[in-house]
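Down below is the structure, laid out as structure tokens.
2 protein chains.
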Amino acid sequence: MDIAVVQQPLQRLSGLLAPELQEVDSLIRSRMTSENAPRIPDITQHLMDAGGKKLRPILTLASAALFNYSGYDHIRLAATVEFIHTATLLHDDVVDESKQRRGRPTSNLLWDNKSAVLVGDFLFARSFQLMTETNDLEVLSLLADASATIAEGEILQLTASQDITTTESVYLTITRGKTAALFSAAAKVGGIISQADEAALSALFTYGDALGIAFQIADDLLDYTGKDDTTGKNSGDDFREGKMTLPIIKAVSQATEPELAFWQRTISHNQQQAGDLDEALRLMKKYDTLASTRAEALTWAERACDAIETLPECEIRDLLYDLAGYIVNRAK
Amino acid sequence: MDIAVVQQPLQRLSGLLAPELQEVDSLIRSRMTSENAPRIPDITQHLMDAGGKKLRPILTLASAALFNYSGYDHIRLAATVEFIHTATLLHDDVVDESKQRRGRPTSNLLWDNKSAVLVGDFLFARSFQLMTETNDLEVLSLLADASATIAEGEILQLTASQDITTTESVYLTITRGKTAALFSAAAKVGGIISQADEAALSALFTYGDALGIAFQIADDLLDYTGKDDTTGKNSGDDFREGKMTLPIIKAVSQATEPELAFWQRTISHNQQQAGDLDEALRLMKKYDTLASTRAEALTWAERACDAIETLPECEIRDLLYDLAGYIVNRAK
Numbered sequence: 002m003d004i005a006v007v008q009q010p011l012q013r014l015s016g017l018l019a020p021e022l023q024e025v026d027s028l029i030r031s032r033m034t035s036e037n038a039p040r041i042p043d044i045t046q047h048l049m050d051a052g053g054k055k056l057r058p059i060l061t062l063a064s065a066a067l068f069n070y071s072g073y074d075h076i077r078l079a080a081t082v083e084f085i086h087t088a089t090l091l092h093d094d095v096v097d098e099s100k101q102r103r104g105r106p107t108s109n110l111l112w113d114n115k116s117a118v119l120v121g122d123f124l125f126a127r128s129f130q131l132m133t134e135t136n137d138l139e140v141l142s143l144l145a146d147a148s149a150t151i152a153e154g155e156i157l158q159l160t161a162s163q164d165i166t167t168t169e170s171v172y173l174t175i176t177r178g179k180t181a182a183l184f185s186a187a188a189k190v191g192g193i194i195s196q197a198d199e200a201a202l203s204a205l206f207t208y209g210d211a212l213g214i215a216f217q218i219a220d221d222l223l224d225y226t227g228k229d230d231t232t233g234k235n236s237g238d239d240f241r242e243g244k245m246t247l248p249i250i251k252a253v254s255q256a257t258e259p260e261l262a263f264w265q266r267t268i269s270h271n272q273q274q275a276g277d278l279d280e281a282l283r284l285m286k287k288y289d290t291l292a293s294t295r296a297e298a299l300t301w302a303e304r305a306c307d308a309i310e311t312l313p314e315c316e317i318r319d320l321l322y323d324l325a326g327y328i329v330n331r332a333k
Numbered sequence: 002m003d004i005a006v007v008q009q010p011l012q013r014l015s016g017l018l019a020p021e022l023q024e025v026d027s028l029i030r031s032r033m034t035s036e037n038a039p040r041i042p043d044i045t046q047h048l049m050d051a052g053g054k055k056l057r058p059i060l061t062l063a064s065a066a067l068f069n070y071s072g073y074d075h076i077r078l079a080a081t082v083e084f085i086h087t088a089t090l091l092h093d094d095v096v097d098e099s100k101q102r103r104g105r106p107t108s109n110l111l112w113d114n115k116s117a118v119l120v121g122d123f124l125f126a127r128s129f130q131l132m133t134e135t136n137d138l139e140v141l142s143l144l145a146d147a148s149a150t151i152a153e154g155e156i157l158q159l160t161a162s163q164d165i166t167t168t169e170s171v172y173l174t175i176t177r178g179k180t181a182a183l184f185s186a187a188a189k190v191g192g193i194i195s196q197a198d199e200a201a202l203s204a205l206f207t208y209g210d211a212l213g214i215a216f217q218i219a220d221d222l223l224d225y226t227g228k229d230d231t232t233g234k235n236s237g238d239d240f241r242e243g244k245m246t247l248p249i250i251k252a253v254s255q256a257t258e259p260e261l262a263f264w265q266r267t268i269s270h271n272q273q274q275a276g277d278l279d280e281a282l283r284l285m286k287k288y289d290t291l292a293s294t295r296a297e298a299l300t301w302a303e304r305a306c307d308a309i310e311t312l313p314e315c316e317i318r319d320l321l322y323d324l325a326g327y328i329v330n331r332a333k
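Quick note, the sequences are listed as chains F and S, same order. Be aware that the first sequence starts at 2, since it is given in my numbering, and climbs by one per residue. Be aware that the second sequence starts at 2, since it is given in my numbering, and climbs by one per residue.
Given below as structure tokens:
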């Protein structure tokens, strides 16, 4: 197989699902309007224009396609998960005090934190209206649970921030909540509306869960290895914010006493000065934590692939397979 | 009828519904826990300890009682509306930068804005899980719509803030969204689960809508007429924040040129100095806008009463009737 093709499974999935993605787009556009509050479409449009990867709606559409779903609920649910994702982005930017998202100023900078909070709430409510239109109680219950798990993950991340005793296990709980919960729900709902059997639903859930974890680990890695222009974020942001991600957690766990003092000063007390990011990177190199973090992301990608082995063999399944590796390889 | 009794319909409703309210309380307590994020119950408990009036859950329980509902969904839905209300309080305090709520420091002061945003999100998700457990699609759809309307009302309020051209009609749209949408939904869901007929459901909705509007107008009035220790808020907060509520809207609409300059400086440009609140109050007195605002609240209270005339005659209905007047009379 052509290597260039293998590396672009996301684009190929987008291509295969192009008609459905277009329907999702127009549903999103029609539902982000508000008769009374024009600020809502302004802000949402700003985020949509920045052009996300649409990973979550693609998961829903792909899993429905795996089971030859015919109907309109996959479009509703793909729009639902993108609305939930967009809402969490808005609230994340308030919480992280971010200045850039996808290479553009964040909405909390362009408007204000207040608008970002309230438009996020509106998009959550819209997602909830959309999913209710499926009249599928199993779907509603799964997405309600996912929403609660996402919020718990975000709150746990907040309390773990600047806490250098954060373990890899806590990191996993955070990641599973804030990122993987929506991936697993997005994949599974496509199966639920297709009336796939329990084994298939469980496979889709596990795939989404493992893919989400691999994705987040790779994302955290990119914060240290990526260039601003490829990630659209400021490199080293996580270090500056005292976010405890795997590269730091692994370095802290092996730190000598003077190194621990460095982490305490820069992370626990957030007293940073010029050269600290370089020193942090030197310590990550010393303990090879960027490589071991990458290995962990690959392990989760493999778990994702293993999960869908029993699903119907077809081009979509093969692309979902390739997607897992591709997601980690972004962070090379 | 004893006047003291007439003035306390809320306490009498609480008394009549005490066993149900206790069940609601314990359901709320059991659902605000989080295995992973102890900050969630900490913050929620802080709000619950402050002891709100529990008006919204009382509406749900009362409307279910009107139709002799027997089951558990009224408890779930009463807890649901209280969770939604608590979530909006948390986000409101972030948006308003409030320092006091119900006479206690707000959670955004005790913790931080980040926690208030995320715990609010968690409570929204919890409310959504709870209502999903009723398996009632009509209820879900109504509450999803209400959630979107609430967010739209809040956003419209934000864009109307400091805008002295805000009309009474825009004020009504804001109020109907941010406050009345949850009142009307809370009242109607109690009827839905009781399988009340369409006319009764529409009566409950209209009652909640009118009661919510009366309540909010009275609340806005209290901001100018109440003492800190009775409202638990800082008196004059709305003026300082440039919030366009009826007493100001009515004064601006009749303002002379120098008065308009005063409103422009203090509200549009938010350039306030010592004595400005007194001057604002003097202008409200000049045009008697506190009295005409109060009259408007009473009109809405009457509409609420008219709406439920056709509902089954019983003590609960009489108390709902009295509640409307009581809610406005707080703001004497």
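Where a beta carbon is used, it is the ideal one built from N, C-alpha and C, also for glycine. All figures in this text were calculated on a predicted structure; none of them were measured in a lab.
| Check | Outcome |
| --- | --- |
| Candidates F:49, F:247, F:178 and F:14, of which the one nearest residue 290 of chain F by Cα | F:247 |
| Own chain partners of residue 174 of chain S with C-beta closer than 8 angstroms, once the 5 adjacent residues on each side are dropped | 154 and 157 |
| Proximal residues of chain F, C-beta to C-beta of residue 136 of chain S below 7 angstroms | 138 |
| Where residue 5 of chain S falls, given that 16 or more other Cβ within 10 Å makes a residue buried | Residue placement at residue 5 of chain S is flagged as unreliable, the pLDDT there being 45, under the threshold of 50; the coordinate-derived value follows with that caveat. Result: exposed. |
| DSSP-derived helix/strand/coil call for residue 313 of chain S | coil |
| Cβ pair residue 125 of chain S, residue 85 of chain S closer than 8 angstroms | yes |
| Cut-off 6 angstroms between Cβ atoms - residues of its own chain near residue 114 of chain F, not counting five sequence neighbours on either side | 95 |
| Distance between residue 215 of chain S and residue 264 of chain S (C-alpha atoms, nearest Å) | 26 angstroms |
| For residue 168 of chain F, the nearest candidate out of F:79, F:270, F:27 and F:251 (CA to CA) | F:251 |
| Residues of the stretch 26-53 of chain F whose Cβ lies closer than 7 angstroms to any Cβ of chain S, in chain order | 35, 37, 38, 40 and 41 |
| Within chain F, the residues that residue 79 of chain S reaches when beta carbons sit closer than 7 angstroms | By Cβ distance, chain F contributes nothing, its closest Cβ being about 18 angstroms from residue 79 of chain S, past 7 angstroms. |
| Sub-8 angstroms separation of residue 32 of chain F and residue 79 of chain F beta-carbons | no |
| Within chain S, the residues that residue 133 of chain F reaches when beta carbons sit closer than 8 angstroms | 138, 141, 142 and 145 |
| Residue-chain proximity (residue 115 of chain S, chain A), Cβ-Cβ < 8 angstroms | In the structure shown, chain A cannot be found, because the protein chains are F and S. |
| Spatial distance of residue 146 of chain S from residue 267 of chain F (CA atoms) | 46 angstroms |
| Residue from S:82, S:120, S:217 and S:19 with nearest C-alpha to residue 328 of chain S | S:217 |
| Identity of the residue in F:192, F:245 and F:293 nearest residue 176 of chain F by Cα | F:245 |
| Neighbour list for residue 92 of chain F in chain S, Cβ cutoff strictly below 8 angstroms | 118, 119 and 122 |
| Interface flag, residue 284 of chain F vs chain S, CB-CB below 8 angstroms | no |
| Contacts around residue 197 of chain F, its chain only, beta-carbon distance under 7 angstroms, and the 5 residues preceding and following it disregarded | 68 |
| Three or more C-beta pairs below 8 angstroms linking the stretch 192-208 of chain S and the stretch 39-50 of chain S | no |
| Contact list for residue 148 of chain F against chain S, beta-carbon separation under 7 angstroms | 126 and 129 |
| Residue-level contact to chain F via CB, residue 56 of chain S, 8 angstroms cutoff | no |
| Under 8 angstroms between C-beta atoms of residue 317 of chain F and residue 17 of chain F | yes |
| Cross-chain neighbours of residue 155 of chain F in chain S, by beta carbon under 8 angstroms | 119 and 122 |
| Own chain, CB closer than 6 angstroms to residue 315 of chain F, minus 5 neighbours either side, in chain order | none |
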